[in-house]
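**Q**
Residue numbers (full-length UniProt numbering), protein chains in the order written: chain V, 1 to 461; chain A, 1 to 461.
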């Protein structure tokens, strides 16, 4: 009998209890971007420490200048590798709250179609559900074997959804403690409900908030309209100029460092059979909005974007107010690929904006994090072993994919700890992460635990 | 002794009491655009009816499908003209409330510089202070002479700040009762603190709210960015295209009906000595934002505009959310001049927007009122008499000016009652109407009452 078989049985036997534990974690409103929830973030960190301690980890809440980190260690057999598992316990805000069918922080199991149950609640998929997979795999392994197959360090942060301001200082200050042979990062998705995947690329991210200020007070648009600067007009003129008619970003230097994807890779993506209709149909859309002449997967995995994530100015309540606002603001983000430099992109955008501000107006910039893109080697031993382990657990063989989202931690692990990451996750495209009615398939939660047990076995065989 | 002299003395003697009455009216939170304040609007109407009844008017609150009207009548000597005085008792919303130095609905008298006192509070200038001038002039006249010098009808509406939806039906239904020889409208300003003015033109207004809808839910900008439509991007692209680089509006047909102002009129405006620095300096600006090659007064009195009064979409709270919003919206208004047709402007704008909406997205329009511009005859007897009366009261002779704002009632009086209007008002440019910290000079309140008494005397001599 293999070393992993009884662990898989134990995971099966633990399923109901593991679900209760996840629900307890989901009930904690750990929204990191809103300072009002700081106490809840700390509660989530303490909950994880208590749970990890009960398994046998040496776990602690570690203060930062923002929300705390959770760090936990467990020894493994001599000569075994040392792996660092990363996850985040913070979640996105829940607005617009009225679009949720139930309280986002009252998790429940729902049967959405015959035989398919999902875990409903904010963070069910991103990332509390995903991080608990590994915790449960460790618990089951320890219960069966009384030990773990390798030295394991866990790092859970509480600021992933708000730019991770404390992460780099923490990694730098604790590099000796945290450096492992490689990292396991569980914040990605499956290709589909039966096909696991390993992400080999991640887009980077630059976040900027701009506020354009004109008059020193709100103005009557009749008295001043035609003479006085309107900051909403300036803002929309600038943002309206960021893309040309082919969908390309017009900011000078924006495409520096962007590489053409090798044709072999593009062919393997084409072989995945993803259609525009299949991708956009479920969200009510039908046309690709990005650069013309690029395939869907190229657009979301290998091309950079400029997106406007929020915009606000003037009177936005009911009715009408004939006002010229004193200021207007927007939150703008750029998804980066390949060798695009976040600092250069930020500087180029700021220059692009500043050049378009009238002489009697001003602009303020607020930085919201930045991280370069990641491109992993397709043929590393870790990826090869993990691919085989995943293929054993699931109905279909694992595939190598890209990811359109950012996981800045992967770049930080490379930069600060000299460590590459294995990106495996079990989220699905319809999980509604960052949206109302977030969920995580019960199947992902169950077979995800089993997958991590199999990967641990493969990596330590 | 002239008939008006004792009335002027009575106004002087009544000043403190008239101020107390205005404060009582200012305390009523009659914000018409927000349905939550409907009861307060009715309270303001009833307060006016009670006050007018005490003077001897036959006054009543008249229900509409929105906020009620106040109508009051008082007979005059046989053969005297019949004048209709118009004002509005509703006020603008008060947000952003945190920018007010005091409660907007707790009026007070403040000395802003030695010898200059102002009445502080929402509606102090627009329009409760201005409408009470005429009420107080009537009160004083009645107290002195036991009668009024002509037949007077008062019409106070409660929806001027929210598009006046009930006004036209009310005028149509009550045309016989309301039709007078001419109207007196007190919703405009003085040229400066010592120079009264009569407005001979008013810009019209078209208000539109547009909401662009893309995906059926908010999306993660990493997962979908580059593939899925972003409604904020569509909205900013459209609004960013409304003006060209010379400040002209690009909507096809927008300038149909706009006339060149006669050079004689432009010369008289130039003679007023208004500088860009003097106009924009107090609000912290220095550059004209409208069509290039036009003078300041031409831009605000005789040229049309497109303004963006509010914009909203995506995540606008603290921090950052990497979301692609499901929808984005904007409130847009157009100031019209001369013979521009509000319906055609609205239709042209909607077509302009619709042509720029991607095939898988949609747009919804919400109408927020519309009125054509007004251009009065410079040499009518009423204007000539009023100009002389104002020149008697103030330090400097009255001037004929234009107004950048809309007073739709003036067009409605022309359309529905076949009646022209005399536009006289005592607001000042620094009154902060529609903004935080609205005020009305005590001098405007005092000499404005005296001015109306003089005008009544001149018109009935």
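Even glycine gets a Cβ: it sits at the ideal position worked out from N, Cα and C.
Note that the coordinates shown come from a computational prediction; the quantities given were computed from them, not determined experimentally.
Can you list, in chain order, the residues of its chain with a C-beta nearer than 7 Å to that of residue 199(V)? Leave out the 5 residues immediately preceding and following it.
**A** For residue 199(V), where only same-chain residues beyond five positions count, the Cβ hits under 7 Å are 188, 401, 402, 403, 423.
**Q** What are the boundary residues of the alpha helix (DSSP H) that includes residue 223(V)?
**A** Unbroken alpha helix (DSSP H) run through residue 223(V): 221-224.
**Q** Could you please tell me which residues of the region 391-406 of chain A, in chain order, have their CB closer than 7 Å to any CB of chain V?
**A** From the region 391-406 of chain A, only 404, 405, 406 have a Cβ closer than 7 Å to chain V.
**Q** Alpha carbons only, please: which of 312(V), 178(V), 63(V) is nearest the one belonging to residue 73(V)?
**A** Among 312(V), 178(V), 63(V), the Cα nearest to that of residue 73(V) is on 178(V).
**Q** At a CB-CB cut-off below 9 Å, which residues of chain V make contact with residue 262(A)?
**A** Correct list: empty, because the minimum Cβ distance to chain V is about 19 Å.
**Q** What's the C-alpha gap between residue 436(V) and residue 452(A)?
**A** Rounded to whole angstroms, residue 436(V) to residue 452(A) spans 59 Å at the Cα level.
**Q** According to DSSP, which residues form a beta bridge with residue 132(V)?
**A** In the DSSP output, where bridge partners are listed per residue, residue 132(V) has none listed.
**Q** What residues in the region 79-110 of chain V have a beta carbon less than 9 Å from any beta carbon of chain A?
**A** Listed by position, the residues of the region 79-110 of chain V near chain A (Cβ gap below 9 Å) are 92, 93, 95, 96, 99.
**Q** Can you find at least 3 beta carbon pairs, one from the region 260-270 of chain A and one from the region 344-354 of chain V, that sit closer than 8 Å?
**A** Short answer: they don't touch.
**Q** Could you spell out the range, first to last residue, of the alpha helix (DSSP H) harbouring residue 352(A)?
**A** Segment 342-354, the alpha helix (DSSP H) holding residue 352(A).
**Q** Based on Cα-Cα distance, which residue from 458(A), 411(A), 146(A) lies nearest to residue 341(A)?
**A** The shortest Cα separation from residue 341(A) among 458(A), 411(A), 146(A) belongs to 411(A).
**Q** Can you pull the chain V neighbours of residue 436(A), defined as C-beta to C-beta under 9 Å?
**A** The contacting residues are 217, 218.
**Q** Is there a Cβ from chain V that is less than 8 Å from the Cβ of residue 338(A)?
**A** No, residue 338(A) does not count as interfacial toward chain V.
**Q** Are there three or more Cβ pairs, one per stretch, closer than 8 Å when the region 219-230 of chain A is compared with the region 325-339 of chain V?
**A** Cβ pair count under 8 Å is three or more, so yes.
**Q** Which one or two residues does DSSP pair with residue 246(V) in a beta bridge?
**A** Per DSSP, none; premise fails for residue 246(V).
**Q** How many Å lie between residue 462(A) and residue 257(V) at the Cα?
**A** Residue 462(A) cannot be examined here, being either before or after the span of chain A that is shown, 1 to 461.
**Q** Does the Cβ-Cβ distance between residue 433(A) and residue 202(A) come in under 8 Å?
**A** No.
**Q** Select from 310(V), 278(V), 386(V) the residue whose C-alpha is nearest the C-alpha of residue 460(V).
**A** For the residues 310(V), 278(V), 386(V), the minimum Cα distance to residue 460(V) belongs to 386(V).
**Q** Would you list the residues sitting across from residue 60(V) in a DSSP beta bridge?
**A** Residue 60(V) is bridged to 71(V).
**Q** Roughly how many angstroms lie between the CA atoms of residue 92(A) and residue 192(V), to the nearest whole one?
**A** For residue 92(A) and residue 192(V), the distance between alpha carbons rounds to 54 Å.
**Q** Under 7 Å Cβ to Cβ from residue 155(V), same chain only, skipping five residues before and after it: list those, please.
**A** Cβ neighbours of residue 155(V) beyond the five flanking positions: 69, 71, 84, 86, 178.
**Q** So residue 214(A) and residue 326(A) are in contact, right, with Cβ under 8 Å, and what is the actual spacing, rounded?
**A** Indeed, because the Cβ distance is near 6 Å, the residues count as touching under 8 Å.
**Q** So, does the region 12-19 of chain A touch the region 165-179 of chain V, judging by three or more C-beta pairs under 8 Å?
**A** With a cut-off of 8 Å, the region 165-179 of chain V and the region 12-19 of chain A do not count as touching, because too few Cβ pairs lie within range.
**Q** Any C-beta of chain V within less than 9 Å: which residues of the region 346-362 of chain A qualify?
**A** Answer set for the region 346-362 of chain A: 358, 359, 360, 361.
**Q** Using a C-beta to C-beta distance shorter than 8 Å, which residues of chain A count as neighbours of residue 432(V)?
**A** 217, listed in chain order.
**Q** Could you spell out where the alpha helix (DSSP H) holding residue 409(V) opens and where it closes?
**A** Note, residue 409(V): alpha helix (DSSP H), 408-417.
**Q** Hey, is the region 293-313 of chain A in contact with the region 306-319 of chain V, meaning 3+ C-beta pairs nearer than 8 Å?
**A** Taking 8 Å as the limit for Cβ pairs, the verdict is that the region 306-319 of chain V does touch the region 293-313 of chain A.
**Q** With respect to the beta strand (DSSP E) encompassing residue 338(V), which residues constitute its N-terminal and C-terminal limits?
**A** Premise fails: residue 338(V) is in no beta strand (DSSP E) and is neither H nor E.
**Q** For a contact meaning CB atoms closer than 9 Å, what does residue 57(V) contact in chain A?
**A** Those within 9 Å of residue 57(V) in chain A number zero; the least Cβ separation is about 31 Å.
**Q** So, does the CB of residue 132(V) fall closer than 8 Å to a CB anywhere in chain A?
**A** It does not: the Cβ of residue 132(V) has no partner Cβ on chain A nearer than 8 Å.
**Q** Distance cutoff 8 Å, beta carbons only. Does residue 187(A) sit that close to anything in chain V?
**A** So no, residue 187(A) is outside the interface.
**Q** In the DSSP output, which residue or residues are listed as bridge partners for residue 116(V)?
**A** According to DSSP, which records beta bridges pairwise, residue 116(V) is partnered with 113(V).
**Q** Of all Cβ atoms in chain A, is any one closer than 8 Å to the Cβ of residue 67(V)?
**A** Chain A contact via Cβ: absent.
**Q** Cβ of residue 61(A) less than 8 Å from any chain V Cβ?
**A** Judged by the 8 Å Cβ criterion, residue 61(A) is not in contact with chain V.
**Q** Does the beta carbon of residue 315(A) come closer than 8 Å to any beta carbon on chain V?
**A** True, the Cβ-Cβ gap to chain V drops below 8 Å.
**Q** With a threshold of 8 Å between beta carbons, is residue 335(V) in contact with chain A?
**A** So, interface residue.
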